[in-house]
Structures are given as structure tokens and as C-alpha cells.
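Keeping their order, the protein sequence lines are chains A and B. Just so we're aligned, residue 1 is where the first sequence starts under UniProt numbering, counting upward by one. Just so we're aligned, residue 1 is where the second sequence starts under UniProt numbering, counting upward by one. Quick notes on the structure that follows.
2 protein chains.
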Amino acid sequence: MTGDLNHSPDPGPARRGRGRRPAEQVRREILDAAGEILLAEGMAAFTIERVAARSGASKVTLYKWWPSKGALALDGYTHAVTEQLAFPDTGDIEADLRDQLRSFVAVLRGPAGRAVAELVGQAQTDPELAAAFRAVYSGPRRALAVEALTRARQRGQIRADVDPEIVVDQLWGAGYHRLLIPDQPLTIDFTDALVRNLMSGIRVGAGEPA
Amino acid sequence: MTGDLNHSPDPGPARRGRGRRPAEQVRREILDAAGEILLAEGMAAFTIERVAARSGASKVTLYKWWPSKGALALDGYTHAVTEQLAFPDTGDIEADLRDQLRSFVAVLRGPAGRAVAELVGQAQTDPELAAAFRAVYSGPRRALAVEALTRARQRGQIRADVDPEIVVDQLWGAGYHRLLIPDQPLTIDFTDALVRNLMSGIRVGAGEPA
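Okay, here's the thing in C-alpha cells:
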């Protein structure tokens, strides 16, 4: 104990930190493993057993922390893409939306796109996975976008009568549409046009694109 | 033959008509049965055998006309919803879009919504079904919407720099987003706002909603 105090003048937090670190580290390693398996091989290859083996954690731990394979897959997916999907806040909503949507489409064009398409696909006939998807991933992502749009409305950049929830469907939802029903390609030009169309409106005389 | 001629002064077309009618009728009865089973019970209960039994057609006929169960399900779905999804053409694109999207959401809120969600869901891991979905259903539906938007552009109601393909994703795609990832409800108010947002733009000063 006294040896510890020499390295740490504030033993309370340090002790709490040492107590917590292993669990946090195990959790991060499990999520790393889950994300890697999901993105590399898809939902068909994703099992609790494989995540346990790859992360070195016990199956008991996994079952204790995640109620189902779907919940773990969703957490692994979220863990893998969250950094890439950070929401910029420069004060210019049009630039922020354009940047975030470019990152979003870059994610969907990679292995994560196939993984999320399979998760959404399977969720159509798996109510537990559907609930996990909304709770862990789509709900929180939607909330981030709505917050950004609400801030922009408060700054006077978006009209007061516009519902941010609907804008989410017309930007990110339009992207999911091209992912899930790929009649047309997911490109950077596409995402830039999504923002331009919505910010300017498409009617003649509604204002030219910026 | 002479008896027939008494009833039909133009035996050529009449004979062709009589020769064709049964096949067309059988086809319609098969599609009726396919649509009914799909909408009432979903993809899990949908089999070639059940469609054959319900329609009274032979399995040989079904396999001759449809390359796969998925293709038949898609044709049955399209047959069941096409009338409800007719595209109005009054010359006023905003009114036409609003009307068509209201019908679209009415379809998605009914049993057809569950059926199409399952078809899109299964298509994520079934390339053959995905190809059939695009060829039989989503491709032709997209083409109808693009045609209507292109006519509106030619009439000067939509700006020349707007790509109709992208508008499809921001209207119908936004609807599919709420169907497949149901964080928010599919309502008539939602579809009206989709059209309003896009036609007016959401930027302050971009023009108030009509």
C-alpha cells in the first residue's frame, strides 16, 4: 500500500482506476473482436464462441454482459464505426452535414456496409435484433443528428417549421435506401446532392444551390 | 367453325383471344394467390407448392414461368400493390408527389409493408432475390417516379440541375428507412413533410412551404 502511494499521491481514484481497468479493457477487446469478425466475415460467421475465442474472454463473461448474439454484434459494429462517424460541429450546418454524410457513405461502401445491411436485413424477421439495433445503434445515431440539426435551427440556419427527425430520413435514410435496395450507386456526389437538394429545395425559384 | 363465325365476324383475333385467354387467366390467378399468401402470412409461409395449391395451377407451370420462389413472390407483391401505387399525372408535381407518397405509405402501413420489409431483408443475404427485387419491383417503380420528375423538370417545375434519381431516395427512400429501421413512425404527416422539405428546401430564406 505505501509503495503504491509513492507512485500515486491520490490513492482513491488510482485504486478505483486499477479496479476498473481490467473490465474496461476486456470489454474493449471483446468489442474489437466482435467488430473485426462482423466486418470481415458478416453475420453468418458471427458467433459468441468465435468472439470469445478471438478476444480471450470467457463465454460466461460475454453472456453476462450481452443478452444476445445480436446485441453483441450491434455493440461490435457501433464500436467499429463510431470514430469514423463522429459528428462535426463547426457552426455551419451545411458543411457539417456534407462532411458527416461523406464519412457515412465511406463507411457504407466498405465492409461495414455489408455488415449493417445484413443486420438490418435479419432484423426484419428477428424482433430481438431489431430492438437491439434501435437501442444500441440507430436510435443514438439519430439522436446525434437531431441534436446537430436542432442546434442549427437555434442558430437560425434551418427554418423553425422543419422537423429534424424528417431531415434524418431524407439524408441518412436516403443513404440506407441505396445500400439496401441498390438500384443506384452510393457515391460522394450522391451525398453532396442530398444535402444540396434539401438545403436549397428542388422547386424552380426555391434558391440556387450554394 | 361456321358456328363460331356467327358469334365472331372476325375469327382471326377471336381465335387468338380464345387461345391466349386461359394462359393469361391462369397467370392472373397464380399472381392473385401469390399476393394473397405473401400479404397474409409473409415470406416464411410462402412456397411454390402453396401458390400452386391455392391457384389450382400445376407446379410445372409455376416453375416454367418463374425461375425461383423469390421471383414469384416479387411478381405476386407487385401484382397486389400496383393499382394502389398508380402515379398520378395532373401537371402539378408537388400535388402528384404528395398523393403518390400518401398511397405508398398507406401500402407500407398495411400487410404489404411487412411483406416488402421481409423481401428486402432476405435480399441482403440472397443475391438472386435481390436481383429479382430490383428487376421486377424497385427498378420499374423507380423508373416511374423518375419519369414523373423528368416531366416536371421539362415543365419548369423542378430545377434543371436536380437529379431525379436522388429525389427518389429522398422521398420513397426516406419512407423505406422508416419501414426498415422503425425509430420513427410512418405517417401521412411524415410523407407530406418529405415533399414540403424537398420542394421548399430547409434553409432559412429558401422559401416558405406552399
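Glycine is no exception: its CB is placed at the ideal position from the N, C-alpha and C atoms.
At a cut-off of 8 Å, the C-beta of Ser138 (chain A) has a neighbouring C-beta in chain B. The segment 22-36 of chain A and the segment 90-106 of chain A do not touch, with fewer than 3 CB-CB distances between them shorter than 8 Å.
Gly201 (chain B) is a Cβ neighbour of Gly201 (chain A), given a cutoff of 8 Å. Under the three-state reduction of DSSP output, Ile158 (chain A) falls in the strand class. Look at Glu147 (chain A): its C-beta is not under 8 Å from any C-beta on chain B.
For Glu49 (chain B), the uninterrupted alpha helix (DSSP H) segment begins and ends at 48-55. Beta-bridge pairing by DSSP links Arg203 (chain A) to B:Ile158. Leaving aside the five residues that flank Tyr137 (chain A) on each side, the residues in its chain whose CB is nearer than 7 Å to its CB run, in chain order, Leu74, Tyr77, Thr78. A check of alpha carbon separations from Asp169 (chain A) across B:Pro67, B:Gln100, B:Leu198, B:Asp163 identifies B:Leu198 as the nearest. Contact with chain B is found for Asp169 (chain A), since one of that chain's Cβ atoms lies less than 8 Å from the residue's Cβ. Exposed is the label assigned to Gln154 (chain A), since fewer than 16 other Cβ atoms lie within 10 Å of its Cβ. Nearest to Leu149 (chain B) by C-alpha distance, out of B:Ala135, B:Ala131, B:Ala132, B:Leu171, is B:Leu171.
Setting aside the 5 residues that flank it on each side, Leu186 (chain A) is surrounded in the same chain by Val105, Leu108, Arg109, Gly113, Gly175, Arg178, Leu179, each with a C-beta closer than 8 Å to its C-beta; the list follows chain order.
At least one C-beta of chain A is nearer than 8 Å to the C-beta of Ser200 (chain B). Neighbours of Ile166 (chain A) across chain B, judged by C-beta separation under 7 Å: Phe190, Ala193, Leu194, Asn197. A straight line joining the alpha-carbon of Gly70 (chain B) with that of Leu194 (chain A) spans about 32 Å. Around His177 (chain B), the beta-carbon contacts reaching into chain A at under 8 Å are Asp169, Trp172, Gly173, Ala174, Tyr176, His177. In this chain, the alpha helix (DSSP H) harbouring Val60 (chain A) covers 59-65. For Asp96 (chain A), the nearest beta carbon of chain B is not closer than 8 Å to its own beta carbon. In this structure, Val120 (chain B) sits near Phe133 (chain B), with a CB-CB distance shorter than 8 Å.
Proximity of Asp163 (chain B) to chain A, defined by a Cβ-Cβ separation below 8 Å, is satisfied. When rounded, the separation of the alpha-carbon atoms in Gln184 (chain A) and Ser68 (chain B) is 24 Å. Excluding its 5 nearest sequence neighbours in each direction, Asp99 (chain A) has C-beta neighbours in its own chain below 6 Å: Pro88, listed in chain order.
Nearest neighbour of Ile166 (chain B) by Cα position, chosen from A:Ala40, A:Ser58, A:Gly42, A:Phe190, turns out to be A:Phe190. Remark: C-beta atoms of Thr61 (chain A) and Val116 (chain A) do not approach each other more closely than 8 Å. With a 10 Å radius around the Cβ and a threshold of 16 neighbouring Cβ atoms, Gln84 (chain A) comes out exposed. Using a CB distance cut-off of 8 Å, Asp75 (chain B) does not count as an interface residue toward chain A. With its beta carbon less than 8 Å from one in chain A, Val120 (chain B) belongs to the interface.
Runs of the alpha helix (DSSP H) lying entirely within the segment 63-120 of chain B and spanning at least 4 residues, in chain order: 69-81, 93-109. Residues of the same chain with a CB within less than 7 Å of the CB of Arg50 (chain A), apart from the 5 flanking positions on each side, are Ile37 in chain order. At a Cβ-Cβ threshold of 8 Å, Thr125 (chain B) and Glu118 (chain A) count as neighbours. When 7 Å is used as the limit between beta carbons, Thr78 (chain A) is near no residue of chain B, the shortest such separation being about 14 Å. Distance between Ala45 (chain A) and Arg203 (chain A), taken at the CA atoms: about 47 Å.
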